[in-house]
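This note's numbering runs 16 ahead of the 1-based position in the sequence shown.
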Amino acid sequence: MRTDMRKNSKSSWPKVIARKWLNIPSGADEFQSDYAVNGETGDRRKSCCDLDYHSIVPENFSGWLTETAGGIKPSKSMPEPPPVTDSLNLRMFVGTWNVGGKSPHEGLNIRDWLSSPAPADIYVLGFQEIVPLNAGNVLGAEDNGPAAKWLSLIREALNSDQSDKELARCYSDATEESSPSSLQLEQQASLKPRTSFTDLLSMEDELGEEDFERLLNLNSNSSEEGSPSPTYMSGSPARQHFCLAASKQMVGLFLCVWVRTDLYKHISNLKVSCVGCGIMGYLGNKGSVSISMTLDQKTFCFVCTHLTSGEKEGDEIRRNSDVAEILKRTKFSRSFRDLRQPFYPENILDHNKVIWLGDLNYRLAPGCVDTHELLKKNNWQALLEKDQLRIEQRAGRVFSGWEEGRICFAPTYKYLADSDDYVVQTSNSKEKRRIPAWCDRILWKGEGLKQVWYSRGECRFSDHRPVYSLFSVHINLANKLIPTAISCPPRFSSKSALSSACGAKVQAEELLVIPGHKAA
């Protein structure tokens, strides 16, 4: 089927170009997922493009041509459980990586990038330049081959036996006595009931980094009577599987969200939105891909961006403009099914919690003459005084009210290929001479989010180093009815990540022609 789709894409290449040049959206609401639309009931409606897309038909509509044989089965209604009062405490891993237009080779190890001080429940991974930003990719049909390879690598890394061993080792190390301070932590954890995650995070400033991470793992591994179900809590060293909640590509931008299979039943209202800010102000060589979702009545938005490049004076103003355009033009479509809900976010800032990640391309301000000396001394804080993003943010010209963690790692751009040397450090390099900078960043906005880790990886795959962050996510579940949704489907093999059977494209909003009404 994928071969036929590829042929059709090539044959319709002029149509694709026309749509892009005329700024006509095409498939902007479609995204990739291992699941059907969560929490909806009803049969699927046939359409002329039924091979690749599906929509959910409500039960109270009749006279529609439907089918239930094969494909994705409708969920079954279940009696609602009694309301509960509790809180949800999760860990969220967020990573961003500009891969320089290179497709991943088989065997590329990304586990180092996906490792963190504590196991995560949700992985939000954003990529930039997964394809070369040439005219064919920017103007022509989308090349989703590299995206399929990245999905396969991520699925394997998150669900492999090696990941299970690393997870078990994490808990083994957490319970191993190594120093008097850590021994005291263990004794304190064993004598006292489980510490709430909010109280635990308040200890971060009082404890050393190593002891805090240790207590973080010990607290996750402990349990007490009356605590939330393991479905809600991370921290069990038992094998956990991750499935793709949603992924979306726009030219070189690619964003995917992975969740534990037992957590997915609490996720609903998955939507996507793409904004192009590149050539002529709207083509997709620069811009954003955003994913919106609801997790137990709290709304999340993940924004993966690639902003205007360049290190000339004034280029930072163009990057500020890109941010403003993305905030203004990102819209999440609303279908008739959403009307039953009292509130549904339609733009980025409407969400309760927002994560902004990507190659923001902010450089060091011109005039930093001692850059080389500061690099040699690893004096990052002095260099960060010249960081354009911080300068613009302090002046209130961009990301006002947003937060970013303390940067204690080296600049992430620009490196020689397969090297630990910056381009600027090599006089005979044929690469463009670029002053090293922290181009790759992760910011956030909203209550209940606390960053507990902010670092970079050391993979030499591209001229950027990957960046990642670990967040604790606190959600108040007071007086909430826990939804009873369809059980999670079986794990899918990496080879079939993009097949229509296990990774069906979900059309987030489809025009439903109701008999007796004229189409708008």
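Idealized CB from N, CA, C, for every residue including glycine. All figures in this text were calculated on a predicted structure; none of them were measured in a lab.
Please report the straight-line C-alpha distance between residue i and residue j, rounded to a whole angstrom.
i      : j      : result
Leu380 : Lys328 : 10 angstroms
Glu75  : Val370 : Low confidence applies here, because Glu75 scores a pLDDT of 43, under 50, leaving its location unreliable; read the following figure in that light. The alpha-carbon atoms of Glu75 and Val370 are separated by roughly 34 angstroms.
Arg422 : Asn395 : 14 angstroms
Asn377 : Gln256 : 36 angstroms
Tyr5   : Gly297 : Past the edges of the chain, shown from 17 to 536, lies residue 5, and the structure says nothing about it.
Ala433 : Cys475 : 11 angstroms
Leu260 : Leu141 : 11 angstroms
Asn363 : Thr315 : 11 angstroms
Asn301 : Met108 : 28 angstroms
Ile307 : Phe487 : 18 angstroms
Leu390 : Gln397 : 9 angstroms
Thr112 : Ala340 : 21 angstroms
Asn492 : Gly152 : 48 angstroms
Asp159 : Asp403 : 34 angstroms
Ser284 : Tyr431 : 40 angstroms
Thr277 : Pro135 : 15 angstroms
Tyr470 : Val414 : 21 angstroms
Val115 : Pro148 : 10 angstroms
Asn473 : Gln409 : Reading off the sequence shown, one finds Gly at residue 473, where the question assumed Asn. Going by the C-alpha atoms only, they are around 25 angstroms apart.
Leu555 : Ser416 : Residue 555 cannot be examined here, being either before or after the span of the chain that is shown, 17 to 536.
Val440 : Leu323 : 22 angstroms
Glu46  : Lys392 : 47 angstroms
Val468 : Arg450 : 31 angstroms
Glu334 : Pro133 : For the record, residue 334 in the displayed sequence is Arg; it is not Glu. Rounded to whole angstroms, Arg334 to Pro133 spans 36 angstroms at the Cα level.
Ile295 : Gly330 : 18 angstroms
Glu401 : Ile407 : 8 angstroms
Arg457 : Ser49  : 26 angstroms
Asp312 : Pro361 : 15 angstroms
Thr310 : Ser263 : 15 angstroms
Quick check on residue i: buried or exposed, where buried means 16 or more other Cβ atoms within 10 Å of its Cβ?
i      : result
Gly292 : buried
Phe359 : exposed
Gly374 : buried
Lys461 : buried
Glu332 : buried
Gln265 : buried
His480 : buried
His367 : buried
Gly412 : exposed
Asp338 : buried
Cys290 : buried
Ser435 : exposed
Glu83  : Unreliable placement is indicated for Glu83, whose pLDDT of 37 sits below 50; the coordinate value is still reported in the next sentence. Classification of Glu83: exposed, given that the 10 Å Cβ count is below 16.
Cys424 : exposed
Ser176 : exposed
Cys455 : buried
Asn125 : exposed
Lys281 : buried
Trp129 : buried
Asn105 : buried
Asn150 : exposed
Leu286 : buried
Leu365 : exposed
Check the DSSP bridge columns for residue i and list the partner residues they point to.
i      : result
Gly303 : Gly292, His322
Cys272 : Leu141, Ser263
Glu419 : Trp460
His490 : Asn105
Arg472 : Val483
Asp375 : His322, Asp456
Phe283 : The sequence as given places Ile at residue 283; Phe does not occur at that position. DSSP, once it has assigned bridges, lists Leu311 as partnering Ile283.
Phe316 : Met309, Lys369
Asp338 : BP columns for Asp338 are empty, so no partner.
Gln467 : Phe487
Gln436 : Gln is not the amino acid found at residue 436; the sequence shown has Asp there. Asp436 pairs with nothing; no bridge assigned.
Phe258 : Arg276
Leu380 : Asp403
Tyr431 : Tyr438
On the premise that residue j lies in contact with residue i, defined as a C-beta separation below 8 angstroms, what is that separation, rounded to the nearest angstrom?
i      : j      : result
Val267 : Val154 : 6 angstroms
Ile342 : Val305 : With 8 angstroms as the limit, Ile342 and Val305 do not qualify as a contact, their Cβ atoms being about 10 angstroms apart.
Leu405 : Thr387 : That belief does not hold up - the Cβ atoms of Leu405 and Thr387 are roughly 17 angstroms apart, past 8 angstroms.
Phe348 : Phe270 : The Cβ separation is near 19 angstroms, so there is no contact.
Val273 : Ile138 : 7 angstroms
Leu174 : Pro120 : The Cβ separation is near 15 angstroms, so there is no contact.
Pro452 : Pro482 : Not a contact, Cβ separation roughly 16 angstroms.
Phe477 : Lys165 : So it is not a contact: roughly 13 angstroms between Cβ atoms.
Ser131 : His490 : With 8 angstroms as the limit, Ser131 and His490 do not qualify as a contact, their Cβ atoms being about 23 angstroms apart.
If you measure from the CB of residue i, is any heavy atom of the ligand PLP nearer than 7 angstroms?
i      : result
Leu323 : This structure does not include the ligand PLP; it has no bound ligands of any sort.
If you measure from the beta carbon of residue i to each beta carbon in chain C, is any gap under 8 angstroms?
i      : result
Leu323 : The chain inventory of the structure shown lacks chain C, comprising one protein chain alone.
- Where in the segment 100 to 188 do unbroken runs of the beta strand (DSSP E), each at least 3 residues long, occur, reported from the N-terminal end onward? Taking only runs of at least 3 residues, the beta strand (DSSP E) segments lying wholly in the segment 100 to 188 are 103 to 114, 138 to 144.
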